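Protein sequence lines, in the order shown, are assigned to chains Y and F. Heads up: the first sequence begins at 1 in full-length UniProt numbering, then just goes up one per residue. Heads up: the second sequence begins at 1 in full-length UniProt numbering, then just goes up one per residue. By construction, the Cβ of each residue, glycine as well, lies at the ideal position given by its N, Cα and C atoms. Here the structure is a predicted model, which means the values were calculated and not measured.
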Amino acid sequence: MRSFSYASARDSAEAVRLAGRTPGAAFIAGGTDLLNLMKDGVQHHQHLIDVNKLDLARVTESASGLRIGGLARMRQVAEHHAVRARFPVLAEALLASASPQVRNMATMGGNLLQRTRCGYFRDTGSACNKRVPGSGCPALQGWNRGHAVLGGSESCIATHPSDLAVALTALDAAVHVLGPGGARRIPVGEFYRLPGDTPQVETSLRPAELITAVEVPRHPTARRSRYLKLRDRATFEFAVVSVAAALDLRGHFVRDIRLAFGGIATKPWRSAEAEAELRGKNLTVATVEQAGRVLVREAVPRQGNEFKVELVQRALAELLLDLGGLR
Amino acid sequence: MTGLVGRPVARVDGRVKVTGAARYPADDPVPGALHGFLVTSEVAKGEVTDIDTSAALAHPGVVAVLTHRDMPRLTVPPFPYLKGFIPMQDTAIHHVGQPVAIVVANTVEQAHEAAALVAVRYRAERPRVVIDDAAGPPHLPPPFRNRPNEIKRGDAAAALARAEVRVEARCSSATRHHNPIEPHATTAQWDGDRLTLHETAQGVNLTKGTIAAVFALPVENVRVVAPYLGGGFGAKGPLWSHTIINAAAARVLRRPIRLVLSRAQMYTMAGHRSEFRQHIRLGATRAGKLTAILDTTTAQLSNTDEAIFNASESARLLYDCPNVHVRQEGVRLDVATSSYMRSPETTAHFGLETALDELSWALDMDPVELRRRNHTEFNQETGQRFGSKHLLKCYDMASQAFGWSQRKRKPGATKDGDEYVGWGMATEMHTFGAMPSNASVTVGVDGKVVLRTATQDIGTGTYTIISQIVADAMGVPLDVIQAHIGDTALPVAGLSAASATIASVSGPVDRAARAARDAVVGLAVADERSPLFGVPADEVETRHGHLIHSRNHQRRDSYRAVVSRAGEPVEATGSGPNLPGLSYGVVFVEVRVHARLGSVRVTRVVTAHDIGRVMNRRTARGQVIGGVTWGIGHALMEHTVYDRNSGRVVNPNLSTYLVPVCADAPPALEALFVDEPDPGSTALGARGFGETPITGVPAAIGNAIYHATGRRVRDLPITQDKLL
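This is the structure we're talking about:
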């Protein structure tokens with residue numbers, strides 16, 4: 001870990017101002033990922049701006065939906081009554097994440113910006129286009145059991161690790177940010193970027209922009225929503241495959257549906273095509289299986305992650321048939 | 001007798017550990033200590049062509065950066081040093097993570113930061129790191145410490161050819177790392193030619209002898225201190241090269257240096273369980289009697305040593321079989337040196353107990369019955385009858401507690417909701433060691449009892465059990481006993497590995513305590529001021545710190561009074577024979593396998609073990625919980641991943657090398673013990689046990705998965721994708 005300077009900001013404007021005038025600065029909140037990255041030499045920041053004192057930790061509900069402060073802790077959001085009652089996929093995704101200790105510390109903003117768990121990215125002795133652009137991607141031919149089958153490129157096939165982001169993608173949430181250019185609202189679908197040939201650029205955040213809130217709109221599908229996470233041990237582990245589903249059902253008729261996936265793609269993966277296979281149809285084993293096939297139509301599996309193509313279809317069927325009362 | 005041995009006594013060191021008062025080797029204050037951090041090779045094979053240390057030397061707080069150019073020439077010590085070479089003696093690179101420089105600075109942070117500034121250039125060659133990539137076929141290494149790697153009994157090939165029933169299985173297991181929660185730490189402090197090491201060592205005396213050989217020092221010039229260990233699992237048994245390099249740097253700089261390995265460094269610098277292949281063939285009669293065992297294994301070895309630790313002991317010793325052929329082969333690869341990992345036999349035992357399960361299905365015979373029919377009361381290699389072996393009773397106890405008789409004789413026959421339910425079992429066996437050991441017991445003028453022996457706190461409850469032994473032998477309460485261990489300044493004791501601690505120290509501790517008791521009784525009955533004056537010594541009982549005339553309980557004295565009157569402490573010593581042996585048991589497991597997703601949960605476990613006398617039911621049960629959980633990790637998740645192109649370990653941390661968490665441990669676990677003292681034991685009837693309750697768990701889980709699903713998985717770990 002390299003030496004760095006540290007300042008604590010009193011309000012959002014000051015945090016952004018401090019970040020804007022110090023190249024290489026980073027915001028620190030819970031620090032549950034950032035400190036690991038810095039200690040392992042994966043990221044270097046000359047200056048850290050502590051945002052923990054900012055008044056951004058509130059969760060409020062209004063007629064239009066939820067507004068969750070960027071500094072709200074994972075545990076706090078997961079336990080919030082409105083989240084549990086009306087946006088269960090969000091509470092479930094949060095509770096399926098990390099450990100109780102981490103959830104006590106980690107914030108919404110930090111969770112959304114956590115970096116991939118790709119072993120090559122986290123090992124400074126390995127090549128990695130995300131860490132050192134142009135150095136290569138050993139995962140393409142190497143250990144890729146945990147890697148993406150969708151959204152990858154010849155530069156990078158690392159998955160995005162956040163469960164929260166998958167749930168927010170299914171909920172059509174938006175990220176509110178404040179930066180030197182002022183405040184803006186970024187739909188979650190536009191927040192994450194595909195790696196293409198610039199895998200080092202993961203989001204549409206501009207320099208010195210701070211996540212101030214996450215907005216989750218009220219929607220007929222949100223109440224019947226669920227998160228299924230499959231992983232290699234019972235808890236405290238990232239998804240091998242995860243599915244977030246939100247359903248508006250009348251009987252077995254799908255009035256509306258949103259589907260998002262984790263563990264299989266380079267960013268939280270929304271599949272409009274899979275949704276289209278189900279919207280306006282009855283939820284049956286056949287329609288669900290067809291949606292699964294459509295989901296993985298463009299999949300590019302590799303030696304170590306081929307099983308995800310099958311597993312994600314099974315996970316989708318499991319979740320939807322359960323949620324639809326067909327099992 | 002207060003009768004504490006055998007009781008579920010709570011750990012006497014529990015409080016100091018949970019309050020942080022216990023000082024582990026890296027916590028011991030050493031005034032003036034500098035901090036070292038290793039720079040390690042990024043490549044797996046080749047040589048260092050240049051090292052530029054100028055930027056690191058210019059970093060604030062850096063005192064020195066030493067490389068192969070600056071290091072003193074050192075002697076590669078014999079076993080127990082396993083590595084075969086000492087890094088930083090030349091430019092050759094044998095594996096990723098090999099130390100190439102040590103940065104020494106005033107603070108840990110400065111050393112870490114400066115280590116990243118050392119610029120190393122390499123001439124790199126393409127490495128071979130996994131068995132699949134081996135340059136040639138496996139070879140049979142020469143005997144290791146007089147133990148041959150090929151063992152033949154009878155004519156196994158002919159017996160297999162003649163067998164009425166044959167089973168053949170090919171199994172594999174990934175590389176595993178020990179991952180103790182406490183990282184390896186060493187602090188070297190020189191005083192002229194005398195060296196003190198504060199060391200995370202499972203064997204302070206073994207480490208002492210090894211480091212003395214490296215520096216050509218008289219053994220008595222070295223002191224090694226390790227009062228507590230935060231887990232070892234074998235990783236801290238041998239001396240590793242980081243300790244040598246740190247001590248050499250401290251000698252060059254004439255300053256104490258402390259060095260703690262990073263988690264990632266522990267994946268290349270302190271041993272591992274080798275990647276492993278096994279080809280096992282069994283021949284049997286239709287009645288289920290084994291007639292042939294052929295067991296050929298392949299282990300991933302380094303290019304600098306040839307020791308194989310995944311021994312096929314159970315194929316040789318566990319069952320009655322006249323024809324056995326064990327062949328333990330290896331392939332040389334560009335990886336760091338492997339070592340023993342709790343418990344080494346587990347890897348090969350998986351193949352035997354899996355093949356037996358397959359045989360039971362082939363015979364349509366209950367797998368417990370199959371094992372009963374091959375039970376033996378005789379050591380298969382020496383022909384000697386075991387003095388005490390209650391394995392059949394273990395089968396009875398555990399199968400009854402588990403409800404095994406209710407098992408359905410068809411795979412995939414039981415479903416509960418979305419999950420298939422399966423039951424499986426395996427026999428467990430572990431050969432435990434015993435090392436020559438000594439102890440002393442001192443009764444102070446304040447009546448306090450101090451026990452001294454240079455054994456180690458391996459995590460199994462050493463402090464507690466040796467205190468229980470002293471309490472019983474002397475008739476004193478636990479709270480007057482202070483045990484001092486983990487320091488070569490104490491009476492010599494052996495390595496805490498091979499489940500040897502209890503087998504090694506129980507006898508000497510008991511003898512020292514009894515000698516101290518006898519000495520105090522002798523003082524009392526000879527002292528006119530004692531109420532016991534003139535009482536024959538053999539009529540004095542000791543209880544609760546008191547000395548009592550057995551025929552007249554009114555006549556009594558106390559340890560404190562007697563020794564206080566004597567005016568000086570009473571000290572006695574104990575030593576004596578130690579015998580290795582075998583501990584047995586059986587494990588039954590219930591698994592639930594999701595019908596469509598393939599995820600596996602271990603939901604119920606019952607074990608029964610024959611470990612001689614149970615010294616402490618609570619710590620023994622702790623070993624079973626830990627062993628079963630360790631076995632679950634081995635079976636279902638743990639594996640070290642090498643990048644085949646670079647030779648690097650891709651998951652060198654606890655975030656991506658998955659060990660079981662609490663939620664993976666079985667919600668129901670019943671640990672039963674036969675608890676019959678072994679008359680042949682030199683340890684108060686006890687036997688070594690710590691590693692036994694791992695050995696059968698992976699096979700029992702695999703067998704249960706087969707029973708649940710009809711799918712036989714022989715490649716560990718059994719991750720979800722293998723059951724889709």
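- Restricting attention to beta strand (DSSP E) runs no shorter than 3 residues, the stretch 624-707 of chain F encloses them at 668-673, ordered along the chain.
- With 16 or more other Cβ atoms inside 10 Å of its own Cβ, T695 (chain F) counts as buried.
- Taking C-beta atoms as the reference points, G271 (chain F) and S339 (chain F) count as a pair closer than 8 angstroms.
- Proximity of chain Y to P660 (chain F) at the Cβ level (cut-off 7 angstroms) is accounted for by R233, in chain order.
- Taking every protein chain shown into account, the CB of K53 (chain Y) has fewer than 16 other CB atoms within 10 angstroms, so this residue is exposed.
- If you look at E92 (chain Y), you'll find it in the alpha helix (DSSP H) that goes P88 to L95.
- Against A315 (chain Y), the close residues of chain F are L597, in the order they occur along the chain (beta-carbon pairs closer than 7 angstroms).
- In this structure, V102 (chain Y) lies away from Y227 (chain Y), with their beta-carbon atoms at least 8 angstroms apart.
- By the neighbour-count criterion, in which a residue is buried when 16 or more other Cβ atoms sit within 10 angstroms of its Cβ, Q303 (chain Y) is exposed.
- In this structure the stretch 192-199 of chain Y does not lie against the stretch 217-226 of chain Y, because fewer than three pairs of beta carbons, one per stretch, are closer than 8 angstroms.
- Under a 10 Å Cβ-count criterion, L71 (chain Y) is classified as buried, with 16 or more other Cβ atoms of the shown protein chains found around its own Cβ.
- The stretch 386-417 of chain F contains, as complete alpha helix (DSSP H) runs of 4+ residues, the segments 391-402 (chain order).
- Minimum Cα-Cα distance from Q114 (chain Y) among the listed residues Y:S62, Y:N104 and Y:L164 corresponds to Y:L164.
- In terms of Cα proximity to L150 (chain Y), the closest of Y:L18, Y:D322 and Y:F261 is Y:F261.
- In this structure, the alpha-carbon of T203 (chain Y) lies about 9 angstroms from that of L194 (chain Y).
- Of the residues assessed, R170 (chain F) falls on the exposed side of the cut-off, its CB having fewer than 16 other CB atoms within 10 angstroms.
- In summary, no residue of the stretch 184-199 of chain Y has a CB separated from any CB of chain F by less than 7 angstroms.
- Per the coordinates, the alpha-carbon of V240 (chain Y) lies some 48 angstroms from the alpha-carbon of G209 (chain F).
- S646 (chain F) belongs to the set of residues whose beta carbon lies under 8 angstroms from a beta carbon in chain Y.
- Contact between P256 (chain F) and A188 (chain F) holds: CB atoms are separated by about 6 angstroms, below the 8 angstroms threshold.
- Within chain Y, M1 have C-beta atoms less than 7 angstroms from the C-beta of H112 (chain F), given in sequence order.
- Under the Cβ distance rule, D416 (chain F) does not count among the residues neighbouring chain Y, no pair being separated by less than 8 angstroms.
- Only Q141, G142, W143, R145 and G146 from the stretch 141-153 of chain Y bring a Cβ to less than 9 angstroms from some Cβ of chain F.
- Counted as a single uninterrupted DSSP element, the beta strand (DSSP E) harbouring W423 (chain F) occupies residues E419 to F432.
- Interface criterion not met: the Cβ of S135 (chain Y) is under 8 angstroms from no Cβ in chain F.
- By the neighbour-count criterion, in which a residue is buried when 16 or more other Cβ atoms sit within 10 angstroms of its Cβ, Q400 (chain F) is exposed.
- Take V535 (chain F), set aside five residues on each side of it, and the residues of its chain with a beta-carbon closer than 6 angstroms to its own are V525 and H549, in chain order.
- Distance between W423 (chain F) and A708 (chain F), taken at the CA atoms: about 7 angstroms.
- Of Y:S153, Y:G324 and Y:V294, the smallest CA-CA separation from V254 (chain Y) is found for Y:G324.
- For N246 (chain F), the enclosing alpha helix (DSSP H) covers residues S241 to L253.
- By DSSP's assignment, W190 (chain F) forms a beta bridge with F:L195.
- Contact annotation: A173 (chain Y) and A158 (chain Y) have beta-carbon atoms that are not nearer than 8 angstroms.
- Given a length threshold of 4 residues, each whole run of the alpha helix (DSSP H) inside the stretch 235-283 of chain Y is given here in chain order: 272-278.
- R117 (chain Y) and S655 (chain F) do touch by the CB rule: their CB atoms are close to 7 angstroms apart, below 8 angstroms.
- It is roughly 8 angstroms from the alpha-carbon of T67 (chain F) to the alpha-carbon of I51 (chain F).
- The bridge partners DSSP lists for D487 (chain F) are F:V225.
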